[in-house]
Amino acid sequence: MKNKTNFDIFLEEQLQEPEFKKRFEQAGEAWEVALQLAALRKTRGLSQKQLADKIGTSQQQISRLESPSYQGHSFSMLRRVVEALGGSIKVEILLKPHKAEPMVAEDKGEYYSK
Numbered sequence: 027m028k029n030k031t032n033f034d035i036f037l038e039e040q041l042q043e044p045e046f047k048k049r050f051e052q053a054g055e056a057w058e059v060a061l062q063l064a065a066l067r068k069t070r071g072l073s074q075k076q077l078a079d080k081i082g083t084s085q086q087q088i089s090r091l092e093s094p095s096y097q098g099h100s101f102s103m104l105r106r107v108v109e110a111l112g113g114s115i116k117v118e119i120l121l122k123p124h125k126a127e128p129m130v131a132e133d134k135g136e137y138y139s140k
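If you want it as structure tokens, here you go:
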């Protein structure tokens, strides 16, 4: 078993905080999008400039999209880039478990959420 580093211990502690955990997970999602875009572009043998020219945007915009720290991705821009590279986007919406709200009885046996 690998010994935990001070960073591992620190990260575990920070991940106990809901807001930190949320931001950490969002950063991971942005990182994954950036890596996938860059890998797909490179697989197609295109430079950032060539891809930008193909979809009518700037090389800087492609660079931003491929940056793990960038979180301003618009769905329409992602679709333009991915389709220009011969791919498609699949969006999956996952719902968190829903906590049932307490129900209150009315006179006639009807219930409503508080």
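Last residue of the sequence shown? That's 140 in this note's numbering, and every number before it is there in order. For each residue, glycine too, the CB sits at the ideal point set by N, CA and C.
Query raised in the report: Which full runs of the alpha helix (DSSP H) of 4+ residues lie inside the stretch 69-108, going along the chain?
Result: DSSP runs (the alpha helix (DSSP H)) wholly in the stretch 69-108: 74-81 and 85-91.
Requested in this report: Please report how far the alpha carbon of Gly-54 lies from the alpha carbon of Arg-70, in whole angstroms.
Outcome: For the purposes of this step, residue 54 is taken as residue 28 along the sequence shown, with counting starting at 1. For the purposes of this step, residue 70 is taken as residue 44 along the sequence shown, with counting starting at 1. So the two alpha carbons sit approximately 24 Å from each other.
**Report entry** Lys-116 versus Gln-62: straight-line alpha-carbon distance, rounded
**Finding:** Start at 1 with the first residue of the sequence shown, and residue 116 comes out as number 90. Start at 1 with the first residue of the sequence shown, and residue 62 comes out as number 36. Straight-line Cα distance between these residues: approximately 13 Å.
Query raised in the report: From which residue to which residue does the alpha helix (DSSP H) around Glu-43 run?
Result: What you label residue 43 is simply residue 17 of the sequence shown in a count that begins at 1. For Glu-43, no alpha helix (DSSP H) segment is defined, and its DSSP state is neither H nor E.
Query - For Lys-59, three-class secondary structure by DSSP - result: Residue 59 sits at position 33 when you count from the first residue of the sequence shown. According to the sequence as given, residue 59 is Val; it is not Lys. Three-state DSSP puts Val-59 in a helix.
Query raised in the report: Taking Leu-72 as the reference, which of Lys-30, Ala-110 and Glu-45 has the closest Cα?
Result: Sequence index remark: in the sequence shown, residue 72 carries index 46 (1-based). Closest option to Leu-72, Cα to Cα, is Ala-110.
Query raised in the report: When you compare only the Cα positions, how much space is there between Gln-76 and Glu-45?
Result: In the sequence shown, counting from the first residue as 1, residue 76 sits at position 50. In the sequence shown, counting from the first residue as 1, residue 45 sits at position 19. The C-alpha of Glu-45 is placed about 39 Å away from the C-alpha of Gln-76.
Query raised in the report: Would you report the Cα separation of Asp-119 and Thr-83, rounded to the nearest angstrom?
Result: Here residue 119 refers to the residue found at position 93 when the sequence shown is read from its first residue. Here residue 83 refers to the residue found at position 57 when the sequence shown is read from its first residue. The question names Asp, but residue 119 is Ile in the sequence shown. The straight-line gap separating the alpha-carbon atoms of Ile-119 and Thr-83 is approximately 29 Å.
**Report entry** Pair within 8 Å by beta-carbon distance, Gln-97 and Gln-52
**Finding:** Within the sequence shown, the letter at position 71 stands for residue 97. Within the sequence shown, the letter at position 26 stands for residue 52. Taking 8 Å as the Cβ cut-off, Gln-97 and Gln-52 qualify as a contacting pair.
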